[in-house]
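Last residue of the sequence shown: 158 (the numbering used here), numbering continuous. Note sheet for the following structure.
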Amino acid sequence: GGSKDSPSIKFEELLERLSKFVEPINPFFIGGEKHIPGILEATGEDRQKRWCDMALELYHVIRDQAHMGLAILNGDPADFGVGCEMGYGFALHETGYKPFPLVAYREDFRRGGETDNNLNAMALPTYMLTGGRFVDRYEDIFVSVAEVAARFKPAVSE
């Protein structure tokens with residue numbers, strides 16, 4: 001997850017480069033193309049329900065289709081929805097539902113949290129305790145995703 005509009009990230013390029021190592025799932029397709037047009041036309045409680053339906057579908061994608069996560073945490077603060085997705089993936093991992101390693105990326109060094117890598121401490125278990133890792137350089141995303149995916153290959157081929 002992450003902001004599609006992050007100034008230092010070219011999202012389509014990121015997905016293309018990741019596809020050499022994993023089969024990336026594009027959350028912006030689910031949200032932007034499938035749900036957002038109808039959400040923007042709706043009002044009141046119907047609009048809230050549609051937002052909720054979109055979020056629930058994204059959670060189900062994490063549960064049923066994703067084998068690992070990549071969290072883009074640039075921004076001040078980092079994207080709240082990405083934090084929710086990280087927590088959900090960690091809960092799946094922690095409860096034994098399935099392994100869910102996460103690669104967390106943040107190159108934005110504005111003060112975003114109390115930890116050494118400028119994250120809120122609540123984000124640390126999502127990568128430190130799942131077999132994932134933290135990276136602070138864009139180019140390191142690809143080697144990290146490839147290495148983490150290779151370590152979890154047996155779980156990925158289920």
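Even for Gly, the Cβ is constructed at its ideal location relative to N, Cα and C. The structure displayed is predicted, hence computed values, not measured ones.
- The bridge partners DSSP lists for Leu102 are Gly69.
- Looking at the DSSP output, Phe134 sits in a beta bridge with Ala104.
- The closest CA to that of Thr95, considering only Thr130, Asp53 and Leu40, is found on Thr130.
- DSSP places Phe28 in the helix class (H, G or I) of the three-state scheme.
- Judged by DSSP in its simplified three-state form, Lys34 adopts helix.
- The alpha-carbon separation between Met122 and Glu41 amounts to approximately 36 Å.
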